[in-house]
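See below for the structure under consideration.
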Amino acid sequence: MRPGYGRNYLLPRGLAVQATVANVKAITKQREALLKKVAADKSAAEGQAALLQSLTLEFARKVGEHGVLYGSVTSMDIAEAIGAKGFEIDRRKIQLSEPIKEVGDFEVPVKLHREVTANLKVVVVKEEA
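Using the working numbering, you'd call the opening residue of the sequence shown number 67 and step up by one each time.
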């Protein structure tokens, strides 16, 4: 790159700073603070994952002749059930590829952090009349 690009474009718009000793120190401190925050978020997510993996959610739904549900169990249903148990999970973090439409036991992945995923046990049973 030519020196005029930084001087005339990047620096006036705040897209870059000069590499002075003070600026390098400030950027190093920001990077360290960010790494500490990421580590704290990851450890919190790992703790929450351990709690979620011990949890089992049970859903009772109406079932047709061949074991197929009339409705389905969606990520919204799972998020509400988790909320009823005292956890606060966004439904978009529940990695359900398609709604559950049959009776049985299922493992549903919940992505709590980009490196932490918990497997939640979901049981769908026949609703008794």
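A virtual CB, placed ideally from N, CA and C, is assigned to each residue, including glycine.
Please list the terminal residues of the continuous alpha helix (DSSP H) segment that includes residue i.
| i | result |
| --- | --- |
| G149 | S141 to A150 |
Going by C-alpha to C-alpha distance, which of the options sits closest to residue i?
| i | options | result |
| --- | --- | --- |
| A150 | L118, S109 and K108 | L118 |
| R127 | L178, L101, L100 and T140 | T140 |
| L186 | G130, R79, Y136 and Q114 | Q114 |
Count the other C-beta atoms from every protein chain shown that fall within 10 angstroms of the C-beta of residue i, then say buried if there are 16 or more, exposed otherwise.
| i | result |
| --- | --- |
| V134 | exposed |
| I93 | exposed |
| V87 | exposed |
| V104 | exposed |
In chain order, what residues of the same chain lie with their CB nearer than 6 Å to the CB of residue i, ignoring the 5 residues before and after it?
| i | result |
| --- | --- |
| M142 | R157 |
| A147 | L123 |
Could you spell out where the beta strand (DSSP E) holding residue i opens and where it closes?
| i | result |
| --- | --- |
| A184 | V182 to K192 |
Worksheet entry | Segments of 3+ residues assigned as beta strand (DSSP E) that fall wholly inside the stretch 102-134 | Segments of the beta strand (DSSP E) lying fully in the stretch 102-134: 122-127.
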